[in-house]
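>
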Ligand SMILES: [Zn+2]
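Residue numbers (my numbering): 207 to 688.
1) So, does the region 509-520 touch the region 475-485, judging by three or more C-beta pairs under 8 Å?
2) Which residue from 624, 625, 600 and 631 puts its Cα closest to that of residue 613?
3) Do you know offhand how far residue 708's Cα is from residue 672's?
4) Exposed or buried, which one is residue 535 when buried takes at least 16 other CB atoms within 10 Å?
5) For residue 519, which residues from the same chain have a beta carbon less than 8 Å from its beta carbon, with the 5 sequence-adjacent residues on both sides left out?
6) With hydrogens ignored, establish whether the beta-carbon of residue 659 is closer than 6 Å to any heavy atom of ligand 1.
7) Within the continuous alpha helix (DSSP H) that includes residue 564, where are the two ends?
8) Are there any heavy atoms of ligand 1 lying less than 6 Å away from the beta-carbon of residue 676, as far as the coordinates show?
9) Check whether the Cβ of residue 671 lies closer than 6 Å to any heavy atom of ligand 1, and answer yes or no.
10) Beta carbon of residue 419, beta carbon of residue 295: below 7 Å?
11) Output needed for residue 375: all residues of its chain with C-beta closer than 6 Å, excluding positions within five of it in sequence on either side, in chain order.
12) Could you tell me which of 639, 685 and 244 sits nearest to residue 620, measuring between CA atoms?
13) So, under 8 Å CB-CB, residue 408 and residue 391 are touching, yes? Tell me the CB distance rounded to an integer number of Å.
14) Per DSSP, residue 636 is paired with what?
15) On the CB-based measure, 16 or more other CB atoms within 10 Å of its CB, does residue 276 come out buried or exposed?
16) Given residue 322, which residues of its chain have a CB within under 6 Å of its CB, disregarding the five upstream and five downstream residues?
17) Tell me whether residue 249, by its Cβ, gets closer than 6 Å to a heavy atom of ligand 1.
18) By Cβ distance below 6 Å, which residues in the same chain neighbour residue 307 in space, the five residues on each side in sequence not counted?
19) Looking at C-alpha atoms only, which residue of 365, 240, 339 and 487 is the closest neighbour of residue 467?
20) Which partner residues of residue 534 appear in the DSSP bridge assignment?
21) Would you verify that the beta carbon of residue 280 is, or is not, closer than 7 Å to some beta carbon of chain C?
22) Between the Cα of residue 485 and those of 422, 600, 532 and 525, spot the shortest distance and give me the residue it belongs to.
23) Relative to the C-alpha of residue 465, which residue among 224, 281, 337 and 629 is closest?
24) Put residue 208 into one of helix, strand or coil per three-state DSSP.
25) Does the beta-carbon of residue 567 have 16 or more other beta-carbons within 10 angstroms, so that it is buried, or is it exposed?
26) Can you look up residue 445 in the DSSP assignment and give me helix, strand or coil?
27) Measure the C-alpha to C-alpha separation of residue 241 and residue 641 and round it to an integer number of angstroms.
28) With DSSP run on the structure shown, which of helix, strand or coil describes residue 649?
29) So what's residue 350 in DSSP terms, helix, strand or just coil?
30) Could you tell me if residue 539 is buried or exposed, where buried requires 16 or more neighbouring beta carbons within 10 angstroms of its beta carbon?
31) Could you tell me if residue 435 is buried or exposed, where buried requires 16 or more neighbouring beta carbons within 10 angstroms of its beta carbon?
32) Does DSSP put residue 671 in a helix, in a strand, or in coil?
33) What is the DSSP secondary structure of residue 521, reduced to helix, strand or coil?
34) Do residue 547 and ligand 1 come close, with the Cβ less than 6 Å from some heavy atom?
35) Going by the CB atoms, is the gap between residue 258 and residue 377 shorter than 7 Å?
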């Protein structure tokens, strides 16, 4: 690209989010160079910068999982059809989205193989082999891998035919232990989402209708996006003995008696990247929370051809590089202005500018991505200043997202109030439910929202079910969702 074309129109190349949120999202994914469309519909090619974000997420979660006693394993990508069919609800839930392998080499297979949409059946088969005695328990396994689900409508990161994730699968001796594991992981996910991704989440239980196929209970963390829609950001399932009975996962207890095991599974996926984009991004592109940003500080030399500038930049870079993820953009075929725009688009939290005048005064210019605030900082204070600014950005992104969510969370006591709200607003709506599945179905039909969860933090908004007017059971959170 020639210098003439490097004007300020970089930012004008993305749609304004107020104008068309979904186009804005796609523009950011492409312009920030996170991913591109693959050759098969619904598949994406993750580019280096997008993959670096995933690597940050993977490292952070992996560290937390290992610290809580989990171990990584790897199981095959192909599942024989007979295995998938072993747990009835599970197969019914996943069958419509499964991709099949029917030919191997040039020969038609006797039994077709599915490309894993999730790995409960595989893990359960292996667990039946690996578990014998109470001494073997618990098994706390995790797998980093990919799965394929033949989705009808897809969008990069949010819903793709193939996606990357971690799936945890655990086996326990008692119901109490598997219940505790499910909650422990849900808390780990919510802590990670809030502290690292700066995404506030609501913890709760999925309804019977919305729970995972084959689970006794599914727990979820739900986040609100910029446009008021919900994103399910992670789930944790308690299986009870739903898989251990058909798969015969048994152990000999201390008294020498054989008993069925208790299981859980849980996962988060590359859709977390979609969540980061849609919670923090703005009309200049991506905004990354410092704790997950692959590049926390971008150093841009000003008038890099002038004596001493690049040398000073290198000195500063060396000083900072052990403390922060910092890189220098010393490409001489792009103007500083063009670089500013590009790194803003990529959401780098802090920009550091050093020019000839700054060198004379022993100073640099620091610019925040989230607020655009510019500040002149003495080089001797730079290390500290960067640390405190990154912490401040992290904190303020979370607070901003939380305030936005609070502002767009509504309460409805009666159906007519509910309808009034959704006619004007998109957001979370709290309402009481009686617990009958008919009411949940009807709400879906009438309002085109789904129950995101029954939050752990309950409020009693009214004595009556919002749908049928019968005696209310629990408060639900309704929303349109990605
Ligand atoms: Zn009802």
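The C-beta atom is built at its ideal place from N, Cα and C for all residues, glycine as well.
If we stick to the structure as given:
1) no
2) 631
3) This structure gives no information on residue 708, because the portion of the chain shown stretches from 207 to 688.
4) Per the 10 Å Cβ criterion, buried.
5) 505, 507, 510, 534, 536 and 560
6) no
7) 562-566
8) yes
9) yes
10) yes
11) 329, 347 and 471
12) It is 639 whose Cα lies nearest to the Cα of residue 620.
13) Actually they are not in contact, since the Cβ atoms of residue 408 and residue 391 sit about 16 Å apart, beyond 8 Å.
14) 617 and 683
15) buried
16) Within the same chain, residue 322 has close Cβ partners 283, 285 and 353.
17) For ligand 1, not one heavy atom lies less than 6 Å from the Cβ of residue 249.
18) 319
19) 339
20) 505
21) Of the protein chains in the structure, only one exists, and it is not chain C.
22) 600
23) 337
24) With a pLDDT of 38 at residue 208, under the threshold of 50, the modelled position of this residue cannot be trusted, and the question is left open.
25) exposed
26) strand
27) 41 Å
28) helix
29) strand
30) exposed
31) buried
32) coil
33) Note: residue 521 maps to helix in three-state DSSP.
34) no
35) no
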